[in-house]
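Residue numbers (our numbering), protein chains in the order written: chain A, 1 to 148; chain B, 1001 to 1449.
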Amino acid sequence: MLTAKGKYGLKAMVHLAGLPPGELAMSADIAAANTISKKFLDAILGELRNAGLVLTRKGKAGGYRLARPAEQIMVGSIVRVLDGPLAPIPCASHTRFEPCEDCNLETCQVRRIMLEVRNSVAQVLDNTSLASMRANDLGLLRDLRRPA
Amino acid sequence: MTAALSVIIVGGGASGVTLAAQLLEDVTRPIRVTLVERRDRVGEGVAYSARQREHVLNVPAQGMSAFPDRPEHFFDWLVERGLIGPSERFTFVPRRLYGQYLWSLVAPALAANDGRLTLAKASAVDLVTSGRGVEVALDNGTSLVGQVAVICVGHEEKPPRANGVAVRVGSDADTDLDPEAEVVILGSGLSMVDAWLRLDHSGHRGPVTVLSRRGLLPQAHRQVTPIPLEAADVPFGTDTGYFTRWFRALCIEVEQRGGDWRSVVDALRPFNQRIWQGWTVEARRRFLRHVRPFWNIHRHRIPPDIHARLGAAVETGRIRLLAAEFIGVEAVGTRARMQYRPKGETRTLSRDIDRIYDCGGVSVDVTQSSNPLVTALIARGSARPDALRIGMDVTPDLAVVDRDGVASARVFALGPLTRGTFFEIEAMPDIRVQASLLAERLKCRSDAP
């Protein structure tokens, strides 16, 4: 499930996607506009920077901007960086797998359906760009979503 | 009944033959395929004509079918002919058998001589399109007309580096060699392994130096099952550094649980093209420069027994690994003088040797291609190099993109030439999938005359 980190990270990225070209945003401004604690946001932006999704510039005129045009950044990339493999419950991840103590892995019907859920989640998130996520407000989603 | 769609396939190597076989599979479908190949036998290409017994496939028999929906097809073909036993799935068969297999896929259609498959024994030198079709000019002065052309010229047969002082193994310039001669092989990939096997087989005893940027050797295959991995697990769209760290951590984790890194490398395979496409041009360039040497030795592996022989030769000093940058080579009498810069050093050293083999990588600047059709198309602007210039620019649907960025409706490319868009499109398991996507799309075309 999407954690608070994932949620705030997405909000910050949408914020950056709305900047005029060439402009940078200070983390304090992003935090204030989206009611996120600045300390938490700095940690989130640091991780996004490590993954090559945002760029930073230090100094007085410094701040954050997207590393690529918003059309080229998929929502799924952001969520995986912040929350790890897409998985509704821990046992439905292959790489961050954590078995439940009380279930039989092979026969658990809950796990089986959750494995299907994660594939559908990946489908949606990997075919939605940051640009189309932002445009959702404007009713443009259908035009901007890439064909599956 | 609609009239037959006519497809001209340029190049009768593994990619071209696989596409032809898939297009012709349904015998009730009206289609006319012309295969343009200058060699006597189609299917052999650059890769599968090796005559030597030890030049085996670098992929086990179970992975080499030409049909993605029937992965056992090649394995069954071998078993039916008694060439391997029914339990020998993890067997590396001689490459020439694969050439014969590919030939067997199209031989019946050729023999039927009913117009569904025609062989044009020539080289294509140019290609023009009009509103109604394509015309492929051949080096014998004639031309072929069809509705669609697919360029399947696979690996580049570029001339060896350094003004002919370096030679290609098995070429005319590769004259008989004194068994005690000092030999240098440029490159440490699968071609180097082939070159060394050939030397070893001919009884060569002199020192063999393998020069490559990192001084690495390909790893051995092992029979392991890929770990379960799905798109939801893979961090698409992240930078190469981040991605590489994720991948290494996963390998270490799997090894700590008693698993094998190969099962992680193999599990990633279905996603490799998508990972590549999720990277920016800059990220792709960084990958080629910094990660590819390590990726290649783990991804493009060799049969375990050959790996063991190679390891023993390194151990006993018969092969010396030299991590260095190759600067150049000049002829000095009957010998050659090579300049190189050891890894991490600034000084340039020189060494006199008897023979230098060029087994460098297959990726070259496509505008310098030795294939006349590729250079003609690029020169006229009907095609353009991809952003990294390692192949021809194509859409994800394999349509050739022209100088102005417009995708052709009639000209397509398949196989290694499309590596700028797909990266991993050198091996059969990838080529057969790409061929079948294109075959399905071509079968659905409605522009038959």
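Glycine residues also receive a C-beta, built at the ideal position from the N, C-alpha and C atoms.
Residue environment, B/F1294, which counts as buried when at least 16 other CB atoms sit within 10 Å
The residue you call residue 1294 of chain B lines up with position 294 of the second sequence. B/F1294 is exposed by the Cβ-count criterion.
Residue-chain proximity (A/A148, chain B), Cβ-Cβ < 8 Å:
Translated into the one-based positions of the first sequence, residue 148 of chain A becomes position 148. Since pLDDT at A/A148 reaches only 45, below the 50 mark, its modelled position is unreliable, and no value is offered.
Mind pulling the chain B residues with CB within less than 9 Å of A/I73?
Position 73 of the first sequence, counted from the first residue, corresponds to residue 73 of chain A. Residues of chain B passing the Cβ test: G1237.
Is the stretch 1054-1068 of chain B touching the stretch 1092-1110 of chain B in the sense that three or more CB pairs, one from each, lie closer than 8 Å?
yes
If we call anything under 8 Å between Cβ atoms a contact, is B/E1182 one with B/G1215?
If you number the second sequence from 1, residue 1182 of chain B lands on position 182. If you number the second sequence from 1, residue 1215 of chain B lands on position 215. Against a cut-off of 8 Å, the Cβ pair of B/G1215 and B/E1182 comes out as no contact.
Should B/I1327 be flagged as near chain A, meaning a C-beta pair shorter than 8 Å?
Counting from one through the second sequence, the residue named residue 1327 of chain B turns up at place 327. It does not; no Cβ of chain A falls within 8 Å.
Can you round the beta-carbon distance between B/P1235 and A/R80 to whole angstroms, since I take them to be within the 8 Å contact cut?
Numbered from its first residue, the second sequence carries residue 1235 of chain B at position 235. Numbered from its first residue, the first sequence carries residue 80 of chain A at position 80. Confirmed, about 5 Å.
Is it buried or exposed, B/N1371, if we count other Cβ atoms within 10 angstroms and call 16 or more buried?
Translated into the one-based positions of the second sequence, residue 1371 of chain B becomes position 371. With 16 or more other CB atoms across the displayed protein chains lying within 10 angstroms of its CB, B/N1371 is buried.
So, helix, strand or coil for A/L19, using DSSP?
On the first sequence, position 19 is the one that residue 19 of chain A refers to. Three-state DSSP puts A/L19 in coil, outside helix and strand.
Limits of the beta strand (DSSP E) - the one that B/S1143 falls within:
Stepping through the second sequence from its first residue, residue 1143 of chain B is reached at position 143. That run of the beta strand (DSSP E) goes 1143-1146.
Boundaries (first-last residue) of the beta strand (DSSP E) holding B/A1324
What you label residue 1324 of chain B is simply residue 324 of the second sequence in a count that begins at 1. Counting along the chain, the beta strand (DSSP E) containing B/A1324 begins and ends at 1319-1332.
Pairwise C-alpha distance: B/H1073 and B/P1342
For the purposes of this step, residue 1342 of chain B is taken as the residue at position 342 of the second sequence. For the purposes of this step, residue 1073 of chain B is taken as the residue at position 73 of the second sequence. Rounded to whole angstroms, B/P1342 to B/H1073 spans 47 Å at the Cα level.
Buried or exposed for B/H1221, going by 16 or more other Cβ atoms inside 10 Å?
For this step, residue 1221 of chain B is matched to residue 221 along the second sequence. Classified as buried, B/H1221 has 16 or more neighbouring CB atoms from the shown chains inside 10 Å of its CB.
Comparing alpha-carbon positions, which option in B/D1393, B/P1060, B/G1241, B/Q1100 lies nearest B/R1081?
Numbered from its first residue, the second sequence carries residue 1081 of chain B at position 81. Of B/D1393, B/P1060, B/G1241, B/Q1100, the residue nearest in Cα terms is B/Q1100.
Within 8 Å (strictly less), CB to CB, does A/T56 reach chain D?
The chain inventory of the structure shown lacks chain D, comprising the protein chains A and B.
Using a Cβ cut-off of 9 Å, which residues of the stretch 1212-1235 of chain B contact any Cβ in chain A, in chain order?
Under the 9 Å Cβ criterion, the stretch 1212-1235 of chain B contributes I1227, P1228, L1229, E1230, A1231, A1232, D1233, V1234, P1235.
To the nearest angstrom, how far is the alpha carbon of A/R68 from that of B/D1239?
As a first step, residue 68 of chain A must be located in the first sequence, where it is residue number 68. As a first step, residue 1239 of chain B must be located in the second sequence, where it is residue number 239. Those two C-alpha atoms are separated by around 11 Å.
Measuring only the C-alpha atoms, how far is A/A135 from B/L1024?
The residue given as residue 135 of chain A occupies position 135 in the first sequence. The residue given as residue 1024 of chain B occupies position 24 in the second sequence. Between A/A135 and B/L1024, the alpha-carbon positions lie close to 46 Å from each other.
Could you spell out the range, first to last residue, of the alpha helix (DSSP H) harbouring A/A122?
The sequence position of residue 122 of chain A within the first sequence is 122, counting from 1. Unbroken alpha helix (DSSP H) run through A/A122: 109-126.
Indicate whether at least one CB of chain A lies closer than 8 Å to the CB of B/T1280.
Reading the second sequence from its first residue, position 280 is the one you call residue 1280 of chain B. Yes, because at least one Cβ of chain A sits closer than 8 Å to the Cβ of B/T1280.
Comparing C-alpha positions only, which one of B/G1012, B/Q1022, B/I1031 sits nearest to B/D1040?
Sequence index remark: in the second sequence, residue 1040 of chain B carries index 40 (1-based). Closest in C-alpha terms to B/D1040, from the list B/G1012, B/Q1022, B/I1031, comes B/G1012.
Cβ distance (whole Å) where B/V1150 is taken to contact B/L1019 below 8 Å:
Position 150 of the second sequence holds residue 1150 of chain B. Position 19 of the second sequence holds residue 1019 of chain B. With 8 Å as the limit, B/V1150 and B/L1019 qualify as a contact, their Cβ atoms being about 6 Å apart.
Compute the Euclidean distance between the alpha carbons of B/Q1022 and B/R1029, then round it to the nearest angstrom.
Counting from one through the second sequence, the residue named residue 1022 of chain B turns up at place 22. Counting from one through the second sequence, the residue named residue 1029 of chain B turns up at place 29. Taking the straight line from one Cα to the other gives about 12 Å.
Below 6 Å CB to CB, which residues in the same chain sit around B/A1137 once its five sequence neighbours on both sides are set aside?
Translated into the one-based positions of the second sequence, residue 1137 of chain B becomes position 137. Excluding the 5 residues flanking it on each side, B/A1137 has same chain C-beta neighbours closer than 6 Å at V1125, D1126, S1143, in chain order.
Might you give, ordered along the chain, the residues of its own chain that have their beta carbon closer than 7 Å to the beta carbon of A/E71, omitting 5 neighbours on each side?
Residue mapping note: residue 71 of chain A aligns to position 71 of the first sequence, counting from 1. Within the same chain, A/E71 has close Cβ partners S129, A131.
Assuming B/R1032 is part of the beta strand (DSSP E), what are its boundary residues?
In the second sequence, the residue the question calls residue 1032 of chain B occupies position 32. Taken as a continuous stretch (DSSP letters only), the beta strand (DSSP E) holding B/R1032 covers 1031-1036.
Does the beta carbon of A/L130 come closer than 8 Å to any beta carbon on chain B?
Here residue 130 of chain A is taken as the residue at index 130 of the first sequence, counted from 1. So, not an interface residue.
C-beta atoms of B/Q1219 and B/F1423 nearer than 8 Å
Taking the second sequence and counting its residues from 1, one reaches residue 1219 of chain B at position 219. Taking the second sequence and counting its residues from 1, one reaches residue 1423 of chain B at position 423. Contact: no.
Residues of the stretch 35-57 of chain A whose Cβ lies closer than 9 Å to any Cβ of chain B, in chain order
N50, A51, G52, L53
Neighbour flag for B/L1250 against chain A, beta carbons, 8 Å:
As a first step, residue 1250 of chain B is located in the second sequence; it is residue number 250 there, counting from the start. By this cut-off, B/L1250 is an interface position.
Minimum C-alpha distance to B/E1330 - residue among B/A1387, B/V1167, B/V1224, B/E1255:
The residue you call residue 1330 of chain B lines up with position 330 of the second sequence. The residue with the shortest Cα to Cα distance from B/E1330 is B/V1167.
Do three or more CB pairs link the stretch 2-21 of chain A to the stretch 78-93 of chain A at distances below 8 Å?
yes
To the nearest angstrom, how far is the alpha carbon of B/L1377 from that of B/R1284?
Indexing the second sequence from 1 puts residue 1377 of chain B at position 377. Indexing the second sequence from 1 puts residue 1284 of chain B at position 284. Their Cα atoms are separated by approximately 25 Å.
Residues in the same chain with beta-carbon distance under 6 Å from B/A1323, minus the five sequence neighbours each way, listed in chain order, please.
In the second sequence, the residue the question calls residue 1323 of chain B occupies position 323. Around B/A1323: R1214, G1215, K1343.
Please name the residue in B/V1010, B/F1067, B/D1026 whose C-alpha comes closest to that of B/D1430.
Residue numbering aside, residue 1430 of chain B sits at position 430 when the second sequence is read from its first letter. The candidate whose alpha carbon is nearest that of B/D1430 is B/F1067.
DSSP state of B/V1234 mapped onto helix, strand, coil
Indexing the second sequence from 1 puts residue 1234 of chain B at position 234. Assignment of B/V1234 by DSSP, reduced to helix, strand and coil, places it in the coil class.
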